[in-house]
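**Q** One structure coming up, written as structure tokens, with questions to follow.
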Amino acid sequence: MCHKYIHSCPMWRNEGPCFDCIFVVTDPEAEGMHGLDIAHVLCFFSFNQFFEPLYQSTLYPCTVIHWFNHMGDGPDVATGMWIICPSYNACNVPHIDIIYHAAHLIPIYATHNINTRDIKPHGSYNTFNFFYVNKFTNHHAFEIAF
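All residue numbers for the sequence shown refer to the UniProt record's numbering, where the first residue is 1 and numbers rise by one.
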């Protein structure tokens, strides 16, 4: 069995933060990307809710995520990959049960020159405005990002 770890670290190997992206199930009835959205994981946490009469508690594992919006109703014709952009001020705190799989995003480069010295891996989500959802990263992503 293969495991994929989803990272949300303020400091990764002493080089900067590492916040992964995920596929989130938003419509279980729809197929492919029509039932999935992409989110950027900012934090994982959990809390207990205590019930007074029986002194029992329930643990709720959650995550803080920032949403991405789909651009269009289907994948890009030239690449076959979906295009997304960061949502404006759209954060949420859902239960981790909605996480389906880790997602890999490829920035869409603009027509202007980019100084590669200024771009760090941890800053690419803030540097670029649009991303491709990479369905070619592995066979699992290829099966779900259609």
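Positions of the beta carbon are idealized from the N, C-alpha and C atoms, including for glycine.
Rounded to the nearest angstrom, what separates C18 and P10 at their Cα positions?
**A** Position 18 of the sequence shown holds residue 18. Position 10 of the sequence shown holds residue 10. Between C18 and P10, the C-alpha separation is close to 7 Å.
**Q** Report yes if the C-beta distance between L105 and C43 is below 7 Å; otherwise report no.
**A** Within the sequence shown, the letter at position 105 stands for residue 105. Within the sequence shown, the letter at position 43 stands for residue 43. No. Outside cutoff.
**Q** Out of A39, I98, I96, which has the shortest C-alpha to C-alpha gap to A90?
**A** For the purposes of this step, residue 90 is taken as residue 90 along the sequence shown, with counting starting at 1. The shortest C-alpha separation from A90 is found at A39.
**Q** When the Cα of P94 is compared with those of H139, N138, F47, N126, which residue comes out closest?
**A** As a position in the sequence shown, residue 94 is number 94, starting the count at 1. Comparing Cα-Cα distances from P94 to each of H139, N138, F47, N126, the minimum goes to F47.
**Q** Between which two residues does the alpha helix (DSSP H) carrying N126 extend?
**A** Numbered from its first residue, the sequence shown carries residue 126 at position 126. It spans 124 to 127 - the alpha helix (DSSP H) in which N126 sits, taken as one unbroken run.
**Q** Since D37 sits in a beta bridge, which residues does DSSP pair it with?
**A** In the sequence shown, counting from the first residue as 1, residue 37 sits at position 37. V24.
**Q** Which value, in whole angstroms, describes the spacing of the CA atoms of M1 and P28?
**A** Within the sequence shown, numbered from 1, the residue matching residue 1 stands at position 1. Within the sequence shown, numbered from 1, the residue matching residue 28 stands at position 28. Its pLDDT being 49, under 50, M1 is placed unreliably by the model, and the measurement read from it follows with that caveat. C-alpha separation (whole angstroms): 24 Å.
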